[in-house]
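Numbering (our numbering), first residue to last: 31 to 89.
Just so it is clear, CB atoms sit at the ideal spot from N, CA and C, and this is done for glycine as well.
Below is one structure, written out as structure tokens; the observations come after it.
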Amino acid sequence: RILNVSVRIYEPEELDHMDKMPTIIHFHGGGFLLGCRETYDQVTYALANLTRALVISVE
31 RILNVSVRIY EPEELDHMDK MPTIIHFHGG GFLLGCRETY DQVTYALANL
81 TRALVISVE
């Protein structure tokens, strides 16, 4: 949780442990009607690995 908002943080498999790393904030679609953060779990994890960035997925 960040500021009382539920988030999930995805790290690339080969993390460089650098002081600064690119970060992507992902907001899933659905408008409170369809889907949830878990619906995009595989896609978001792949995004972290392909971009070698930290991905924060917001619920």
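Assigned secondary structure, L77 (DSSP; H/G/I helix, E/B strand, else coil): helix
Candidates H56, E43, K50 and E44, of which the one nearest V37 by Cα: H56
Excluding the 5 residues flanking T81 on each side, which residues of the same chain have their C-beta closer than 8 Å to its C-beta? P42, P52 and I54
Grab the span of the beta strand (DSSP E) containing T69 for me, first residue to last. No beta strand (DSSP E) contains T69, which DSSP labels as neither H nor E.
Tell me which residues share the same chain as T74 and place their Cβ nearer than 6 Å to its Cβ, disregarding the 5 neighbours each side in the sequence. Y40, H56, V85 and S87
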